[in-house]
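Numbering (full-length UniProt numbering), first residue to last: 1 to 125.
Here it is as structure tokens:
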């Protein structure tokens, strides 16, 4: 069901923020989790490495989205600069890990759409 929902997602707005990331997550996972689209309220770890503390997700996520806005959502950048900045934001959102599950696909769609709006096609293997 998640794959079907992913395939039917609209392109979404050029101007995006944490609420839009949550909207993508909700659209993808609404059939699986009653908390789909809501920021996590527990701490998560990958092995011994913690993701962002749950109490700071909204603040840190909004700061990242504001930085993305200040960089005009990476529009108009030369290819190498676009790749560098996209990689940085992708990594930061990954460390934020705003949802209990489903972060990878949610981020992928968020950044694929951002790339399209910026004039690039993002192909992640």
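Beta carbons are placed, not taken as given, at the ideal position from N, Cα and C, and that holds for glycine.
Please read these numbers as outputs of a predicted model, since none were measured by experiment.
Could you say which of 79, 12, 93 lies nearest to residue 122 if we only look at CA atoms?
Comparing Cα-Cα distances from residue 122 to each of 79, 12, 93, the minimum goes to 79.
Taking all protein chains shown into account, decide if residue 55 is buried (16 or more other Cβ within 10 angstroms of its Cβ) or exposed.
Result: exposed.
Is residue 16 buried or exposed, if buried means 16 or more other CB atoms sit within 10 Å of its CB?
Here residue 16 is buried. Its C-beta has 16 or more other C-beta atoms within 10 Å.
State the beta-bridge partners of residue 46 as determined by DSSP.
According to DSSP, which records beta bridges pairwise, residue 46 is partnered with 49.
Measuring alpha carbon to alpha carbon, tell me which residue in 70, 82, 2, 62 is nearest residue 98.
Distances from the CA of residue 98 to each of 70, 82, 2, 62 were compared; the closest alpha carbon is that of 62.
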